[in-house]
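Residue numbers (the numbering used here), protein chains in the order written: chain X, 1 to 230; chain U, 231 to 762. Backbone N, C-alpha and C fix where the C-beta goes; we use that ideal spot for every residue, glycine too. What follows is one structure encoded as structure tokens, with my remarks underneath.
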Amino acid sequence: MIPLHSVCAMLETYITAYNNAVFDTDRDAALQVIAQALAAGHTPEEIVFELVIPAVEEMMAQLSRDLDANLAQHFMTAQIAAEVTEKMLEQFKQPPKTLGRVVIGTARGDLHSLGKRIVMGCLKTLMVEVRDLGVNVPAERFVEEAVAFDAQVIAISSMMVHTANGEQGCRKVRRLLREQQLENRFRVVVGGAPFRFDEQLYQAVGADDWAADGVSAGKVILRQIRELSP
Amino acid sequence: MNALMLTLHAGEKTLHLPIIPGFSIRELLDTTTLRVRAACGGSGRCGACRVRLLTAEAPPCTRSERERLSPQLRQEGWRLACQLRPDHSLALELSNPAPAVPWRSLPVSELQWLRGRLPSMRKTPLGVAIDLGTTHLRITLWDCAAGRRLASRWGVNPQEIHGSDPLNRLDYALHSPERSKEMATQLRQTLLDAVQDMLTREVGGGASHLPHIGRLMIVGNTAMLSLLSGQGAAELLSPDNWQQPIACQPIDRSAWQQEWGLPNAHIILVDPIAGFIGSDLLAGILAFNLLEAPAATLFLDLGTNLELALWDGAVLHVTSVPGGSAFSLLSPDPAAWPGLHEEVTLLHDPLLQQADNANCVQAFSPAALLEAVALLRRQGILKVSGRFAPSVAGDGYQLQAQMLTGRITLRAVDELQRAKAACAAAIAMLLEKARLHWQDLQNIWLSGSLGSRIPLAAAKELGLLPPVADASIHQQAGSALSGCEKLLLAEEYGEILAPVQLRLSPFNLATQPRYEELFITHLRLQPYAASQ
Ligand code: B12
Ligand code: FES
């Protein structure tokens with residue numbers, strides 16, 4: 001990382017412009033800011049660590065103050081950040097250090113993939129390695145893949161009441177972890193509309209934590225990773 | 231010209247109702263909750279529908295009235311509501327209304343004129359057509375032998391108490407066989423209740439006519455059919471079955487005949503198309519004769535859920551999407567939806583901003599919400615992103631419609647964006663699948679509780695509908711029931727269904743990564759073409 005003050009001051013204006021574009025869900029304008037920053041000579045590493053990540057962090061703070069932030073904004077935050085990060089990572093001189101590993105999928109019976117996509121976008125930007133298990137994922141597979149990927153967190157998205165609260169989703173993942181004595185190895189984090197309606201539901205289904213939106217999901221998952229491997 | 235008005239005093243209640251020329255007082259009241267007593271179908275034979283005139287000017291008594299009402303009664307102003315067809319504004323007193331029932335007649339605008347008779351049903355001439363909706367039940371009674379519609383009713387689906395969302399109800403039913411049975415029985419009982427109400431009031435003789443019912447035809451969305459029959463709920467929840475027909479047939483038809491007291495009725499549940507595409511869509515396709523429409527005709531049945539069919543001249547591409555809470559209708563009575571019949575006005579009074587949030591916009595109709603959001607966009611108060619312009623202070627906007635003041639919050643706008651995106655992206659996907667462009671669309675047929683009433687200009691400005699000319703967009707309520715009636719009046723209903731079934735191509739949007747992309751771009755509050 002290059003903590004040059006002048007560079008940071010320059011980036012400051014880009015961060016503001018970039019965040020405004022994202023907040024207005026204007027993807028083209030956001031990508032243009034990135035292009036300008038690159039053209040002005042900033043390295044891919046700077047773009048990610050000094051611009052995109054602070055922007056996401058700023059967005060997290062902003063969205064947690066503004067409870068009415070809408071879905072389009074969450075999408076844009078995650079989507080653009082992930083897109084830019086992915087492109088920049090290819091050009092990094094050295095692969096960056098990852099902060100942790102997560103397997104993510106939608107619960108058995110659920111094909112709603114959009115929530116998972118936002119969460120993945122945020123995690124990737126925050127330098128968390130993500131293995132996407134797709135949709136309609138059986139509980140057994142969550143556990144097998146978490147072991148194989150040596151993940152710290154199993155993230156389960158459920159958009160419907162019966163997939164969030166039913167027997168085939170998180171409840172079963174928890175049961176399998178207990179049966180296979182893996183409870184100390186993995187944390188389970190859930191999310192999706194039913195958990196927003198009933199804020200106690202995550203405990204009832206045996207999850208360790210939950211998040212109301214994709215941007216705070218990044219924060220919650222990072223916290224779980226840090227708690228597990230300080 | 232001032233509209234003709236009927237003023238009705240019934241005990242403590244006073245009702246004001248516009249008069250439709252040619253309609254009897256009884257017909258006008260049948261669409262409200264205050265009904266006259268009746269037992270002869272409005273033919274002037276039973277004399278039960280008495281009302282008293284409080285105004286002098288009224289058309290002269292008919293022959294039936296002269297026969298049923300003594301000169302003294304007539305002198306005192308008594309009339310038969312089924313005979314009196316006012317041509318002036320009137321005030322009436324109804325001292326002995328019919329006991330309150332949860333049923334009302336459907337407005338004529340929801341009923342299609344249909345031809346067809348079944349002489350073969352002479353011995354058991356009565357037929358019943360039922361559209362099982364998530365929110366409402368719609369039922370008509372026919373003399374099939376004569377090809378005449380005798381009556382219509384609509385009321386609330388009693389399963390509402392187990393959740394306005396079909397999935398919550400399925401979840402409840404799947405809890406135990408007892409619960410599933412309880413829900414199915416409750417629904418069947420309600421349907422019987424409506425049939426009896428029609429028999430009593432329109433045919434006279436009530437339950438004694440049940441054996442004359444020869445046919446009962448039922449269409450509905452898959453979840454409702456499955457909850458009625460107590461079959462298929464578990465299959466329905468499994469994504470593997472999404473694209474396949476779900477069997478929702480009663481296990482024991484004779485048990486239903488017995489339960490309903492219909493010894494001679496042929497009970498037909500029209501099978502749904504697929505997991506979440508019901509036979510109500512199939513019936514709508516029949517009602518609109520979609521196979522005979524020009525290629526590139528889109529049919530949208532827009533209620534709590536959106537079911538879509540796109541006819542490309544060879545194939546009927548069909549799918550469904552959930553709208554979510556922005557599109558679910560809180561009040562079962564469309565007439566009571568604020569903003570449906572009146573202009574929506576926006577007030578922006580910073581003092582009111584602090585007002586109680588209880589009347590938030592979701593107490594309004596989805597149509598009013600669309601109208602209001604379009605208005606906010608037009609005035610530059612709301613941006614494409616669904617955020618207020620920086621100059622706007624506060625977190626909500628006052629909305630007034632039909633004497634009710636409420637508030638549009640950004641959360642309500644977000645809900646609307648999701649519902650709109652889900653629908654618009656579904657339209658875009660179907661067009662792509664048929665290799666068509668929105669400019670190719672010849673016609674859009676809109677039906678369903680929201681579709682038939684949706685404000686077109688607002689829907690186009692916000693991108694819920696493609697920018698097709700108004701002249702090519704047709705709104706018609708009650709298409710599923712009309713299609714069901716067509717099947718009821720067909721000698722071999724299977725022969726009518728078969729050609730449509732042959733052309734169907736169900737399509738599950740949840741398996742399309744492209745749908746995800748389209749959903750995201752259509753979240754923006756801008757015309758459809760701009761999100762493409
Ligand atoms: C788009 C949509 C669809 C699309 C999905 C496309 C796709 N590829 O994802 C399609 C059309 C395919 C679809 C299908 C169905 N749907 Co749907 N759908 C919706 C809709 C409109 C939006 C859902 C969505 O994607 N939201 C976007 C997400 C990102 O928003 P979010 O919930 O705010 O997510 C945030 C948080 O929850 C959190 N989060 C999400 N996941 C996770 C995970 C973790 C680990 C964490 C920490 C956080 C987190 O972060 C997210 C981002 O900020 C909702 C209604 C609504 N207004 O929400 C219905 C809804 C979810 N669907 C519903 C239904 C019923 C269905 C169908 C059964 C209906 C049908 N006609 O087929 C099918 C079922 C398919 C299946 N088996 O899964 C119901 C569920 C009802 C219930 N009581 O459970 C809803 C609520 C609509 C309604 N009736 O009100 N649907
Ligand atoms: S006389 Fe009017 S309904 Fe019978």
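So, at 7 Å on beta carbons, what are the nonlocal neighbours of X/G134 in its own chain, with the 5 sequence-adjacent residues on each side left out? Start at 1 with the first residue of the first sequence, and residue 134 of chain X comes out as number 134. In chain order, G105 place their CB closer than 7 Å to the CB of X/G134, counting only its own chain and leaving out the 5 sequence neighbours on each side.
Run the proximity test for U/G274: is its beta-carbon closer than 8 Å to any non-hydrogen atom belonging to the ligand FES? If you number the second sequence from 1, residue 274 of chain U lands on position 44. Yes, the Cβ of U/G274 comes within 8 Å of a heavy atom of the ligand FES.
Please indicate yes or no: does the CB of X/K278 lie closer than 8 Å to some heavy atom of the ligand B12? Given that chain X is displayed from residue 1 to residue 230, the structure contains no residue 278 of chain X and the question cannot be resolved.
9 Å Cβ cutoff, X/Q73 in contact with chain U: For the purposes of this step, residue 73 of chain X is taken as the residue at position 73 of the first sequence. Taking 9 Å as the threshold, the shortest C-beta distance from X/Q73 to chain U falls below it.
Name the residue from X/K219, X/P138, X/I221 and X/I118 whose alpha carbon lies nearest to the alpha carbon of X/A72. Taking the first residue of the first sequence as 1, we reach residue 72 of chain X at position 72. For the residues X/K219, X/P138, X/I221 and X/I118, the minimum Cα distance to X/A72 belongs to X/I118.
If I follow the unbroken beta strand (DSSP E) through U/H246, where does it start and stop? Reading the second sequence from its first residue, position 16 is the one you call residue 246 of chain U. Note, U/H246: beta strand (DSSP E), K243 to P248.
Along the beta strand (DSSP E) that carries U/C427, what are the first and last residues, could you check? On the second sequence, position 197 is the one that residue 427 of chain U refers to. The sequence as given places Asp at residue 427 of chain U; Cys does not occur at that position. U/D427 -> not in any beta strand (DSSP E); alpha helix (DSSP H) instead, spanning P407 to M428.
Does chain X have any CB closer than 9 Å to the CB of U/S456? Numbered from 1 along the second sequence, position 226 holds the residue referred to as residue 456 of chain U. So, not an interface residue.
What first and last residue would you give for the beta strand (DSSP E) that runs through U/V552? Position 322 of the second sequence, counting from 1, holds the residue named residue 552 of chain U. Note on residue identity: the sequence assigns Pro, not Val, to residue 552 of chain U. Boundaries of the beta strand (DSSP E) harbouring U/P552: L546 to P552, taken from the DSSP string.
Start and end of the alpha helix (DSSP H) containing U/I684? Here the question's residue 684 of chain U lines up with position 454 in the second sequence. First-last for U/I684: undefined, no H or E at that position.
Just list the beta strand (DSSP E) runs in the segment 108-143 of chain X, keeping only unbroken ones of 3 residues or longer that don't cross its boundaries, in chain order. Listed in chain order, the complete beta strand (DSSP E) runs (minimum 3 residues) inside the segment 108-143 of chain X are 128-132.
For the ligand B12, any of its heavy atoms closer than 8 Å to the Cβ of X/R196? Numbered from its first residue, the first sequence carries residue 196 of chain X at position 196. Here the distance from the Cβ of X/R196 to the nearest heavy atom of the ligand B12 is below 8 Å.
Test item: CB-CB of U/L400 and U/W490 under 9 Å: Within the second sequence, the letter at position 170 stands for residue 400 of chain U. Within the second sequence, the letter at position 260 stands for residue 490 of chain U. No, these two residues do not count as a Cβ contact at 9 Å.
Under a three-way DSSP split, which group does U/H392 fall into? In the second sequence, residue 392 of chain U corresponds to position 162, counting from 1. Three-state result, U/H392: helix.
Would you say X/L176 touches the ligand B12, meaning its beta carbon is less than 8 Å from a heavy atom? Taking the first residue of the first sequence as 1, we reach residue 176 of chain X at position 176. X/L176: no, Cβ never under 8 Å from the ligand B12.
6 Å CB neighbourhood of U/A720 in its chain, flanking five on each side removed: As a position in the second sequence, residue 720 of chain U is number 490, starting the count at 1. Spatial neighbours of U/A720 in its own chain (CB-CB distance under 6 Å, excluding positions within 5 residues in sequence) are listed in chain order as I726.
Measuring only from the beta carbon, is U/G271 closer than 8 Å to any heavy atom that is part of the ligand FES? Stepping through the second sequence from its first residue, residue 271 of chain U is reached at position 41. U/G271 Cβ: within cutoff of the ligand FES.
9 Å is my cut-off, CB to CB: does U/F749 come that close to chain X? As a position in the second sequence, residue 749 of chain U is number 519, starting the count at 1. For U/F749, at least one C-beta of chain X is nearer than 9 Å to its own C-beta.
Compute the Euclidean distance between the alpha carbons of U/H366 and U/S509, then round it to the nearest angstrom. Start at 1 with the first residue of the second sequence, and residue 366 of chain U comes out as number 136. Start at 1 with the first residue of the second sequence, and residue 509 of chain U comes out as number 279. The straight-line gap separating the alpha-carbon atoms of U/H366 and U/S509 is approximately 15 Å.
Local Cβ density within 10 Å of U/H318, reported as buried at 16 or more and exposed below that: Within the second sequence, the letter at position 88 stands for residue 318 of chain U. Around the beta carbon of U/H318, fewer than 16 other beta carbons sit within 10 angstroms, so the residue counts as exposed.
For U/T365, which three-state DSSP category applies? Taking the second sequence and counting its residues from 1, one reaches residue 365 of chain U at position 135. Coil at U/T365, not helix or strand.
Taking just the CA atoms, how far does U/E257 sit from U/R298? In the second sequence, the residue the question calls residue 298 of chain U occupies position 68. In the second sequence, the residue the question calls residue 257 of chain U occupies position 27. U/R298 and U/E257 have their C-alpha atoms some 19 Å from each other.
Exposed or buried, X/G192, counting other C-beta atoms within 10 Å across all chains shown (16 or more means buried)? Here residue 192 of chain X corresponds to residue number 192 of the first sequence, with the count starting at 1. Of the residues assessed, X/G192 falls on the buried side of the cut-off, its CB having 16 or more other CB atoms within 10 angstroms.
Confirm the yes/no value for this check: CB of U/P291, any heavy atom of the ligand FES, distance under 8 Å. Mapped onto the second sequence, residue 291 of chain U falls at position 61. Sequence inspection shows Cys at residue 291 of chain U; the Pro mentioned does not correspond to that position. Remark: the shortest separation between the CB of U/C291 and any heavy atom of the ligand FES does not fall under 8 Å.
Within the same chain, show all residues whose beta-carbon is closer than 6 Å to that of U/A513, passing over the 5 residues directly before and after it, in chain order. To locate residue 513 of chain U, count along the second sequence from 1; it is residue 283. Cβ neighbours of U/A513 beyond the five flanking positions: V449, A710, G713 and C714.
U/Q342: beta carbon under 8 Å from a heavy atom of the ligand FES? Within the second sequence, the letter at position 112 stands for residue 342 of chain U. No, since every heavy atom of the ligand FES falls outside the 8 Å radius drawn around the Cβ of U/Q342.
Report whether the distance from the Cβ of U/F749 to the nearest heavy atom of the ligand B12 is below 8 Å. Start at 1 with the first residue of the second sequence, and residue 749 of chain U comes out as number 519. For U/F749, the distance from the CB to the nearest heavy atom of the ligand B12 is below 8 Å.
U/D563 by DSSP, collapsed to three states: which one? Locating residue 563 of chain U in the second sequence gives position 333, where the first residue counts as 1. Here the model assigns U/D563 a pLDDT of 43, short of 50, so the residue's position is not dependable, and the following value carries that caveat. Residue state, collapsed to three classes: coil.
Is U/E601 helix, strand or coil by DSSP? Position 371 of the second sequence, counted from the first residue, corresponds to residue 601 of chain U. Judged by DSSP in its simplified three-state form, U/E601 adopts helix.
Just to confirm, does U/S509 get its C-beta within under 8 Å of one of the non-hydrogen atoms of the ligand B12? Counting from one through the second sequence, the residue named residue 509 of chain U turns up at place 279. No.
Would U/E691 count as contacting chain X if we go by Cβ distances under 9 Å? Locating residue 691 of chain U in the second sequence gives position 461, counting from the first residue. No, U/E691 does not count as interfacial toward chain X.
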